[in-house]
Structures are given as C-alpha cells and as structure tokens.
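Novice: The structure is given below, and queries will be raised subsequently.
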Amino acid sequence: MEYLYCKDDNFQDFASGRVLYGGKGIPNFPIRLLLEIYGRALERSNKKEDLVIYDPCCGGGYSLTILGYFQNKYIRKIYGSDIDEDMVAHAKKNISLLTDVALKKRKAEIEELYNSYGKESHKEALDSCDKLSIMLGNDISTEIFQADCTMPLPEILPDIIITDVPYGNLVEWEQGKNSMDAMLEQLWRISHENTILAVCMDKKQKINCEKWERLEKQNIGKRKFEIYKK
C-alpha cells in the first residue's frame with residue numbers, strides 16, 4: 001500500500017510506556033498506519049475541522065491519544081468506548097494526557113523514576129514529554145465510557161469513526177450472530193448523514209451491513225481496513 005497522508009518517520013516519543021501509559025494486553029496500533037487511515041477517512045469527509053471523533057473499541061486509548069496529538073488543531077471532541085472495564089480505566093489515563101495538567105503530572109512521575117534509578121530511558125521519556133507538550137494547543141473535550149458497541153449506544157453524532165476490531169472482541173460481544181454487522185448497525189444509528197467510518201480488522205472478518213457504502217478497501221499483512229460513508 002502506498003502511504004499518501006503520513007510519511008515514514010520516527011515515532012519513538014509516542015512508544016507505549018514511554019510517556020503514554022502501556023500495560024499487559026493493551027493493543028497499540030502502528031502509528032503511521034493509524035495516521036494514514038485517518039487521513040484517508042478525513043479526505044472523504046466533507047468536514048475538515050471542529051471534528052468529533054469516536055472509537056467504539058478504544059482499548060487503552062492509545063490510538064485516540066495519538067490522534068489527539070497529531071490532529072490537535074482540528075478535533076473538537078473525542079469519544080472512546082470499550083466493553084472491558086479495565087481498558088476503559090486505562091484509556092481515561094491516556095486520553096487525559098491531552099491536557100497540560102495531566103502531562104505535567106506524568107512528567108513529574110517520570111522525573112521521580114529518573115531520580116530514583118537514573119535510567120537513560122527515563123531521561124529520554126522526559127525529553128519526549130517536552131515534545132508532546134509543544135504539540136498541545138487546542139483544548140479537546142474527551143469522554144471515555146464502557147459499552148458493548150453491538151448494543152444501543154449514546155447518540156454521539158461523530159464526524160469520523162475510526163477503530164481497530166480485535167478478533168477477541170467479536171467473541172466476547174455476542175454469540176450466535178455476526179458481531180461485526182451488529183456493531184455497524186449500532187454505529188449507523190448514532191451517526192449523522194455525513195459520518196465517515198474507518199474500520200481495521202483481521203482479513204478473515206467480513207462486513208455485510210448494507211446500510212454503509214464502502215468507499216475503499218486495503219489489505220495490510222494479515223489485516224485490512226475498509227472505509228465507509230453513511
């Protein structure tokens with residue numbers, strides 16, 4: 001796949017566990033691919049700023065936090081949800097790093113670690129905190145909540161929905177029906193007429209929801225992403 005919206009760059013400042021909070025079992029989506037998919041979705045959107053973004057499978061909030069930094073000037077509100085209560089708690093910690101107060105608190109935590117252990121990795125993380133701070137400017141409103149996205153959701157009216165659906169989520173959501181299509185049905189209900197949907201999934205997973213019109217499909221290794229409009 002040719003990258004059109006994100007050049008090959010060093011994203012080490014955003015490595016999980018460096019400044020952003022990491023943890024066991026918390027998925028971390030490749031940053032360049034995330035920004036590329038978002039760029040393609042944004043290109044399809046008739047709205048380019050003051051955006052409302054939603055991830056219905058947000059996990060630990062890594063992807064939403066990344067988007068909050070790289071698209072800071074253009075996003076007004078970020079919503080994230082996950083079926084797992086622990087993931088939601090973790091996502092709230094990460095998404096809070098889009099505020100100056102929380103980022104300074106995180107820097108103080110890392111400074112304490114550096115003073116105690118003197119590790120080079122902690123010193124590098126402190127430098128990363130300063131770089132992330134420069135990227136903040138717009139005060140993005142955020143809301144993270146627990147939800148099974150195959151069931152009724154709040155009427156968020158997002159401009160762009162972007163999500164990576166782990167296969168394990170589909171098993172956990174529902175038994176005996178197509179969970180992916182059930183999710184898309186609920187997302188259709190909470191969207192406005194111009195909402196753009198970008199969903200990444202395993203190649204084996206299929207979408208059969210006829211309400212969404214597919215605009216693009218790309219395979220990347222063992223996974224694929226598809227972009228839809230309402």
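Numbers 1 to 230, taken from UniProt numbering, label the letters of the sequence shown in order.
A virtual CB, placed ideally from N, CA and C, is assigned to each residue, including glycine.
Every value quoted in this text rests on a predicted model; they were computed, and no experiment measured them.
To which residues of the same chain is G176 closer than 6 Å at the C-beta, ignoring the five residues directly before and after it?
Specialist: Unreliable placement is indicated for G176, whose pLDDT of 48 sits below 50; no coordinate value is reported for it.
Novice: With three or more beta-carbon pairs closer than 8 Å as the criterion, would you say the segment 34 to 53 touches the segment 107 to 121?
Specialist: No, they do not touch.
Novice: Assign P154 to buried or exposed, taking buried as 16 or more other Cβ atoms, counted over all protein chains shown, within 10 Å of its Cβ.
Specialist: Counting Cβ neighbours within 10 Å, P154 comes out exposed, since fewer than 16 surround it.
Novice: DSSP on D127, reduced to helix/strand/coil?
Specialist: Helix, per DSSP.
Novice: Report the residue ranges of all beta strand (DSSP E) runs contained in full by the segment 19 to 79; include only those spanning at least 3 residues, in chain order.
Specialist: Within the segment 19 to 79, the complete beta strand (DSSP E) runs of at least 3 residues are 51 to 55.
Novice: DSSP state of D13, grouped into three classes?
Specialist: Three-state DSSP puts D13 in a helix.
Novice: Could you tell me the alpha carbon to alpha carbon distance between I196 and I31, rounded to whole angstroms?
Specialist: Going by the C-alpha atoms only, they are around 20 Å apart.
Novice: From this set, N178, P166 and E210, which residue's C-alpha is nearest F225's C-alpha?
Specialist: Among N178, P166 and E210, the Cα nearest to that of F225 belongs to P166.
Novice: Go through its chain and collect everything with a Cβ distance to A91's Cβ below 6 Å, but skip five positions before and after it.
Specialist: Around A91: C58, G60, G61, G80 and I144.
Novice: Helix or strand or just coil, what does DSSP make of Y114?
Specialist: Three-state result, Y114: helix.
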